[in-house]
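The structure appears below as structure tokens.
Following this line, the structure appears as structure tokens:
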């Protein structure tokens, strides 16, 4: 039974699916810190953001159980994984920590709104579980996550020790550098930036048009030195505290003057 | 050519799909205010949040063009609709306004993070287009949107006139009441609340388990009188200004003291 575990219980998920190297790195890195319950999507779910599955039912299958961890595969999105885990695997108790990732590719700046990795962490936050999303700035399937391990451990250990504010989770991005070239960790704000799309328009064998989404990131404040983009660009691990209240408080008074 | 239009250009999308009654209500309601370019998903996309389609290509087909509006159907998510429209239909110009909805069902409080309707508005905001998401508190397919029309028009007209802050869009929810029972419009903050899941666990014909996501909303601050939940519960239309910077600024200093 999970509630009998003496160690902290750590719920792990990701958006690249259960076979992803980033997830395996996380499982190896975090075994010293707790009992790991891994619930990961059966397929890659990149770009699924905070999507939940409502049109089809979900499957949840245990595929592995070893000393120190158990692994489940879920047919849905990262947020489905968090919801199913909390409802079906943790009934009556709450995990001590949720860790999502390590994502293959960056989730800094505006990318946080598209990210399944960060959506899982935000969902954990809605469940009032201290939650962290980790991303590594290498999109490739065979990315080498070696330099992430010590930073992941340090941040997880500190979060278990200190806890997080109820409505806050952490968005951690790690630059693609050898460990000894990473200069340290910076606490940052989310950089203002946007993705600008270039759709790749093609013709199918029936001569009908179709579009592939591609895009390029534009940094709208390249000179700011307190953002996640700046930190990553200068060789630091970035941590942005992320919160779940989207209200723009500064606009409330202005809108009241519209006298609607 | 769109750039020759004399009226404001209004981009319309939704997450219930191009056949939805809420979308049709919006098209009828907004024709006096601009030239309408409607780009809606081919199928319902409820709960898709800010998901983008990266694993399969997208289709975009014009299905109707009349005096005053044109309608396209897109195979992707609400956010795909906004991206494709901006990239393929508006090259060189920018719509004057983006309106998403009218959603069949509420998108107040924490629901904003799961909402495809609001994701489309947030995406518009990332494109620096003044953007509004409208939702009506009736989930049914045949909801009667009559009481929405005058409020939609009033809010759209004022937004065209006044504009919005660059990083802000509006989340408008309309209570399910006859028009003459709606008391007015309140500018609000996002209520603190959560969805708590109850998964409906069933057995398929092969005796394997599957799960349907269901849930119940919990209001974590039922006594607050400045939230969208309060306004809706008391017969008002709620407007929450929503912004795209998720940074929890108050946690930055605390995290710096962790000395990571």
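Residue numbers (this note's numbering), protein chains in the order written: chain A, 11 to 270; chain B, 11 to 270. Here a beta-carbon is modelled for each residue, glycine too, at the ideal position from N, C-alpha and C. It should be emphasised that the depicted structure is a prediction, and the values quoted were computed from it without experimental measurement.
Selected residue, minimal CA-CA separation from residue i, among the options
i                      : options                    : result
residue 164 of chain A : A:206, A:24, A:43          : A:43
residue 90 of chain B  : B:65, B:114, B:75, B:102   : B:65
residue 24 of chain A  : A:17, A:218, A:117, A:101  : A:117
residue 17 of chain B  : B:79, B:112, B:175, B:74   : B:79
residue 177 of chain A : A:142, A:215, A:87         : A:142
residue 184 of chain A : A:156, A:204, A:210        : A:156
residue 86 of chain B  : A:149, A:222, A:230        : A:222
residue 48 of chain B  : B:63, B:216, B:30          : B:30
residue 158 of chain A : A:188, A:138, A:150, A:151 : A:188
residue 254 of chain B : A:200, A:132, A:15         : A:200
residue 98 of chain B  : B:123, B:77, B:72          : B:72
residue 70 of chain A  : A:34, A:46, A:28, A:105    : A:28
residue 26 of chain A  : A:95, A:77, A:84, A:63     : A:84
residue 55 of chain B  : A:52, A:197, A:193, A:61   : A:61
residue 167 of chain B : B:148, B:218, B:106, B:134 : B:106
residue 32 of chain B  : B:136, B:50, B:218         : B:50
residue 263 of chain B : A:136, A:77, A:174, A:76   : A:174
residue 147 of chain B : B:170, B:135, B:134, B:119 : B:119
residue 144 of chain B : B:203, B:260, B:34, B:259  : B:34
residue 76 of chain B  : B:139, B:46, B:252         : B:46
residue 130 of chain B : A:108, A:123, A:133        : A:123
residue 226 of chain A : B:57, B:93, B:126, B:100   : B:93
residue 181 of chain B : B:190, B:169, B:192        : B:169
residue 101 of chain A : A:137, A:203, A:153        : A:137
residue 125 of chain A : A:260, A:205, A:82         : A:205
residue 150 of chain B : B:179, B:133, B:186        : B:186
residue 210 of chain A : B:121, B:88, B:160, B:68   : B:68
residue 252 of chain A : B:251, B:252, B:152, B:257 : B:257
residue 19 of chain A  : A:260, A:218, A:139        : A:139
residue 269 of chain B : A:52, A:132, A:172, A:152  : A:172
Residues bridged to residue i (per DSSP)
i                      : result
residue 50 of chain A  : A:83
residue 196 of chain B : B:248
residue 5 of chain B   : With chain B represented from 11 up to 270, any question about residue 5 of chain B goes unanswered, as that position is not in the structure.
residue 20 of chain B  : B:46, B:107
residue 142 of chain B : B:109, B:180
residue 68 of chain A  : B:221
Residues that residue i contacts on chain B, provided the C-beta gap is smaller than 8 Å
i                      : result
residue 255 of chain A : 199, 200, 202
residue 98 of chain A  : 209, 211, 221
residue 157 of chain A : Residues of chain B passing the Cβ test: none, with the nearest at roughly 16 Å.
Chain A contact residues for residue i, given Cβ-Cβ distances below 8 Å
i                      : result
residue 222 of chain B : 67, 68
residue 120 of chain B : 136, 254
residue 258 of chain B : 175, 177, 178, 251, 252, 253
Contacts of residue i in chain B (Cβ-Cβ under 7 Å)
i                      : result
residue 265 of chain A : 197, 249, 251
residue 172 of chain A : 268
residue 107 of chain A : Near residue 107 of chain A there are no residues of chain B at all, since even the closest Cβ is about 15 Å away, more than 7 Å.
residue 56 of chain A  : 64
residue 165 of chain A : 270
residue 168 of chain A : 268, 270
Proximal chain B residues relative to residue i, where beta-carbon distance stays under 9 Å
i                      : result
residue 73 of chain A  : By Cβ distance, chain B contributes nothing, its closest Cβ being about 14 Å from residue 73 of chain A, past 9 Å.
residue 132 of chain A : 123, 256
Within chain A, the residues that residue i reaches when beta carbons sit closer than 7 Å
i                      : result
residue 40 of chain B  : Under the 7 Å cutoff, chain A gives no residues; its nearest Cβ is about 17 Å from residue 40 of chain B.
residue 261 of chain B : 175, 178, 251
residue 124 of chain B : 60, 62
Beta-carbon neighbours of residue i, restricted to chain A and to distances below 9 Å
i                     : result
residue 26 of chain B : Chain A residues near residue 26 of chain B: none, gap ~12 Å exceeds 9 Å.
residue 94 of chain B : 207, 209, 221, 223
Residue-chain proximity (residue i, chain E), Cβ-Cβ < 8 Å
i                     : result
residue 15 of chain B : The question asks about chain E, but that chain is absent: this structure's protein chains are A and B.
Scan the segment 70-129 of chain A and note each continuous alpha helix (DSSP H) run of 4 residues or more that stays entirely inside, going in chain order.
Correct list: 88-94.
Could you tell me which whole beta strand (DSSP E) segments of length 3 or greater appear in the segment 151-239 of chain B?
Qualifying beta strand (DSSP E) stretches, in chain order: 178-184, 194-197, 203-213, 219-229.
Are the segment 98-117 of chain B and the segment 37-54 of chain B in contact at 8 Å, needing three or more beta carbon pairs?
Yes: at least three Cβ pairs fall under 8 Å.
Are three or more beta carbon pairs between the segment 230-247 of chain A and the segment 222-235 of chain B nearer than 8 Å?
Counting C-beta pairs closer than 8 Å gives fewer than three between the segment 230-247 of chain A and the segment 222-235 of chain B, which falls short of the contact rule.
With three or more beta-carbon pairs closer than 8 Å as the criterion, would you say the segment 190-207 of chain B touches the segment 242-257 of chain B?
Under the 8 Å Cβ criterion, the segment 190-207 of chain B counts as touching the segment 242-257 of chain B, having at least three qualifying pairs.
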